[in-house]
Amino acid sequence: MSLTCRLSLWAFAIAHHLNVAFAAIGSTAAGDAATVGQYYGIVGLTSGINSQTGARPYRQDIRNLVNDIPAFSLYIQSLIAMQNSNPNDQLSWFQIAGIHGRPYIPWNNVGPTSSQGIWNGYCPHNSILFPTWHRPYLALMEQILGTYAQNTAKKYSPSDRPTYQAAANRLRMPYWDWASDSDIPAVVSQDKVQIVTPTGSQTISNPLLQYQFPRPLDQNQFPPSILSGYTHTVRAPTSTDKNAVSNPEGINPQLASANLMQRTWSSLVKSKLYNSFSTSNSPGPSIENVHNDVHGIVGGQYGHMTYLEYSGFDPIFWLHHANIDRLFALWQAMNPNQPLLSGREPAGTFALPVNNLDTTITPLYPFTSNSDGQLYTSASSMSMKNFGYTYPEIEDWHQSKFNLQRNVTSQVNNMYDPNGTFRKRSRRLQTRHTLQAGTVSREWSIGVKVGKFDFEGCYFAIRFFVGEVPKDRREWPTAYTLIGTMALMPPPHDKAMDTLPEVIVNDEFSLTRVVLAAGHDPADVEGVARFLKQNLSWRVQKADGHIIEAKKLLRLEVSVYDESLSMPTDITELPKFGHGKNYHLDITKHKAGGLKNLTVAGCA
965 MSLTCRLSLW
975 AFAIAHHLNV
985 AFAAIGSTAA
995 GDAATVGQYY
1005 GIVGLTSGIN
1015 SQTGARPYRQ
1025 DIRNLVNDIP
1035 AFSLYIQSLI
1045 AMQNSNPNDQ
1055 LSWFQIAGIH
1065 GRPYIPWNNV
1075 GPTSSQGIWN
1085 GYCPHNSILF
1095 PTWHRPYLAL
1105 MEQILGTYAQ
1115 NTAKKYSPSD
1125 RPTYQAAANR
1135 LRMPYWDWAS
1145 DSDIPAVVSQ
1155 DKVQIVTPTG
1165 SQTISNPLLQ
1175 YQFPRPLDQN
1185 QFPPSILSGY
1195 THTVRAPTST
1205 DKNAVSNPEG
1215 INPQLASANL
1225 MQRTWSSLVK
1235 SKLYNSFSTS
1245 NSPGPSIENV
1255 HNDVHGIVGG
1265 QYGHMTYLEY
1275 SGFDPIFWLH
1285 HANIDRLFAL
1295 WQAMNPNQPL
1305 LSGREPAGTF
1315 ALPVNNLDTT
1325 ITPLYPFTSN
1335 SDGQLYTSAS
1345 SMSMKNFGYT
1355 YPEIEDWHQS
1365 KFNLQRNVTS
1375 QVNNMYDPNG
1385 TFRKRSRRLQ
1395 TRHTLQAGTV
1405 SREWSIGVKV
1415 GKFDFEGCYF
1425 AIRFFVGEVP
1435 KDRREWPTAY
1445 TLIGTMALMP
1455 PPHDKAMDTL
1465 PEVIVNDEFS
1475 LTRVVLAAGH
1485 DPADVEGVAR
1495 FLKQNLSWRV
1505 QKADGHIIEA
1515 KKLLRLEVSV
1525 YDESLSMPTD
1535 ITELPKFGHG
1545 KNYHLDITKH
1555 KAGGLKNLTV
1565 AGCA
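Numbers in the numbering used here are just positions in the sequence shown, counted from 1, shifted up by 964.
Here is the structure:
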């Protein structure tokens, strides 16, 4: 078992036995808004909304927000104020970030369930609640930052005040669109940032780079470990020293090799049902899996983003999840009549028991819409309008659902179609072999099923290659033959458990562009099958990069299948995929973890 995993499990075991103490701590550290009988109402922001048209301010890509100097200056000052606030204040960075994972204490007077889940944070994973739970969570952070921005705008000189008050009114939380440009934005990695404050232009420490933990951390809530030992959040650090620094130069090549555009495209256009789009608990290319990829790469072996109990403290977490919410909103606009279906909560949470049946009316603990304690549900969180924001691609106040669907689809085609079907030249196109508009062909995919806890309950990654696999395992994350990586991030759990839970995770990777790049016609089923049998392979790695034998993952099941594909003839349309899949057992059955018969896959 890796050092990181052992420390994480040990820390969890201590915390598990101190939940009663945590509950008592939470009742006294909640802040003024959450005294007995009161709750903090999350309503989003109402500033900047056009009362005549209903137009709402955009959340902007962080790369664009930096060019809006007044709004960016207010955003940075708001982050600093929130990060510097008293950690006992329920609206501090420490408390809001801690809702996601540690400290495992009640927030907003919403305590733990009597039959607590395996995972002791509030956030649901491998769950249909994954996208909807994060929406009020982001709105909460946005609401607090917006209040700081409004107060700061009033401090500018009379001549500048109108400019900054207008900026405060339009300011919304930014996002990082890693699917269009995977590099971590420069402004997120700089030590210093220049802004305009009420006293003039200043160069200050960058609150987007890291969050400084309050000291000393309560060891009951944050037991000694590598992660709790850092003085601040870090991203893929090269050391475990308490003063370690982030390593964007090591992160960016891995992000570039992760095929995030293709992965995002598949999630948006292939997953027509909410369940398959929203969660890795369902088969298909879900947005949760792409989300996991980014977490694992940005965090690396010893960074906070890799570990669910700490990830919320890193400022980049909020840029990342704002983009996940944006992709969710794009999917909603393209699939306006798709309902949220029900599903089981495999690992439970701080407030939901294991195997809870999640539906549209399952409470999204601990988020309340008013001081009376009315909890949000997925049904009440579906609309961005309820929280006072939108995204640049979604102007839903002046057009019908049908027209919005067509307009958003055209923008998604422009932004993310890796084939560049309707573009003269694709920014990410690596080959001239593409599927043209109106083409009828075959889509080739890898399907994956694996147990989330299958490697001793610790993080692991499955990497898929078509072609030569580098001999040096350190080169695997950036190999040119890498098709994609499936990152498995099990939550911390009690080391003393007799058996680890059986939480099955699904994923899918497109092979079609690789097939085309190799000069094969996807419709030539026999030829493609021979090519993939000879060239497709996979490897498994620990968080530290060391190799795990695939045969040790007893629930691993890798399949290859093709299905019909009809490319659209118009930019306002999406590709159409056939309902039946043709599985190719010869490609996988002789490889460790490969599918050997269709009965096992539930396809017979």
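Just so you know, even glycine gets a beta-carbon here, dropped at the ideal spot from N, CA and C.
By Cβ distance, which residues of its chain are closer than 6 Å to residue i, with the 5 residues on each side in sequence left out?
i	result
residue 1021	1012, 1134 and 1136
residue 1214	1200
residue 1158	1167
residue 1418	1517 and 1519
residue 1132	1038, 1113, 1114 and 1117
residue 983	Confidence at residue 983 is low in this model, with a pLDDT of 35, below 50, so its placement is unreliable and the value that follows should be read with caution. Answer for residue 983: no residue qualifies.
residue 1126	none
residue 1545	1525 and 1527
residue 969	Residue placement at residue 969 cannot be trusted, given a pLDDT of 49 that sits under 50; what the coordinates show is reported in the next sentence. Result list for residue 969: 1422, in chain order.
residue 1153	1212
Nearest to residue i by alpha carbon, out of the options?
i	options	result
residue 1019	1349, 1198 and 1333	1349
residue 1487	1421, 1405 and 1562	1405
residue 1467	1517, 1017, 1498 and 1232	1517
residue 1368	1295, 1496, 1508 and 1494	1295
residue 1559	1413, 1064 and 1047	1413
residue 1299	1239, 1179 and 1268	1239
residue 1237	1172, 1420, 1301 and 1433	1301
residue 1297	1433, 1536 and 1509	1536
residue 1290	1269, 1376, 1336 and 1362	1376
residue 1371	1383, 1358 and 1338	1358
residue 1434	1443, 1450, 1366 and 1044	1443
residue 1261	1151, 1360, 1147 and 1228	1147
residue 1139	1280, 1477 and 1464	1280
residue 1303	1361, 1282, 1319 and 1241	1241
residue 1225	1383, 1173, 1338 and 1440	1383
residue 1408	1547, 1363, 1452 and 1044	1547
residue 1283	1230, 1259, 1221 and 1510	1259
residue 1251	1469, 1076, 1070 and 1292	1292
Can you list, in chain order, the residues of its chain with a C-beta nearer than 8 Å to that of residue i? Leave out the 5 residues immediately preceding and following it.
i	result
residue 1206	1193, 1194 and 1195
residue 1400	1385 and 1531
residue 1110	1009, 1011, 1042, 1132, 1135 and 1136
Which residue marks the beginning of the alpha helix (DSSP H) containing residue i, and which one marks its end?
i	result
residue 1528	First-last for residue 1528: 1521-1530, but that is the beta strand (DSSP E), not the alpha helix (DSSP H).
residue 1289	1279-1298
residue 1241	1238-1242
residue 1469	Segment 1468-1474 is the beta strand (DSSP E) holding residue 1469; no alpha helix (DSSP H) there.
residue 1066	Looking at the DSSP string, residue 1066 is not in any alpha helix (DSSP H), and its letter there is neither H nor E.
residue 1365	1365-1380
residue 1309	Segment 1307-1309 is the beta strand (DSSP E) holding residue 1309; no alpha helix (DSSP H) there.
residue 1250	Where residue 1250 is concerned, there is no enclosing alpha helix (DSSP H), given that its DSSP letter is neither H nor E.
Going by DSSP, what residue range makes up the beta strand (DSSP E) through residue i?
i	result
residue 1234	Looking at the DSSP string, residue 1234 is not in any beta strand (DSSP E); the run it does join, the alpha helix (DSSP H), is 1224-1234.
residue 1569	This structure cannot settle anything about residue 1569, because the visible part of the chain is limited to 965 through 1568.
residue 1448	1446-1452
residue 1320	1320-1322
residue 1217	Run containing residue 1217: none in the beta strand (DSSP E); it sits in the alpha helix (DSSP H), 1212-1220.
residue 1329	1327-1332
residue 1107	Counting along the chain, residue 1107 falls outside any beta strand (DSSP E), though it belongs to the alpha helix (DSSP H) covering 1094-1117.
Pop quiz: residue i and residue j are said to be a contact at Cβ under 8 Å. What is the actual Cβ separation, rounded to whole angstroms?
i	j	result
residue 1041	residue 1096	Wrong, their Cβ atoms sit about 31 Å apart, outside the cutoff.
residue 1422	residue 1455	That pair is no contact at about 11 Å.
residue 1429	residue 1506	Actually they do not touch by this definition, with Cβ atoms about 18 Å apart.
residue 1427	residue 1502	6 Å
residue 1068	residue 1084	4 Å
residue 1330	residue 1072	4 Å
residue 1410	residue 1473	4 Å
Ordered along the chain, which non-local residues of its own chain (more than five positions away) have a Cβ less than 7 Å from that of residue i?
i	result
residue 1093	1322, 1326, 1328 and 1342
residue 1379	1144
residue 1539	1233, 1529, 1530, 1531 and 1532
residue 1389	Low confidence applies to residue 1389: its pLDDT is 41, below 50, so where it sits in the model is not reliable enough to give any reading.
residue 1005	1332, 1333, 1334 and 1335
residue 1219	1142, 1146, 1147 and 1261
residue 1285	1098 and 1102
Identify every residue that forms a DSSP beta bridge with residue i.
i	result
residue 1025	1139
residue 1605	No answer is possible for residue 1605: the residues shown for the chain start at 965 and end at 1568.
residue 1036	According to DSSP, which records beta bridges pairwise, residue 1036 is partnered with nothing at all.
residue 1413	1470 and 1521
residue 1511	1505
residue 1176	1196
residue 1546	1526
residue 1204	The partner list for residue 1204 (beta bridge, DSSP) is empty, contrary to what the question assumes.
residue 1428	1448 and 1502
residue 1339	1332
residue 1165	1160
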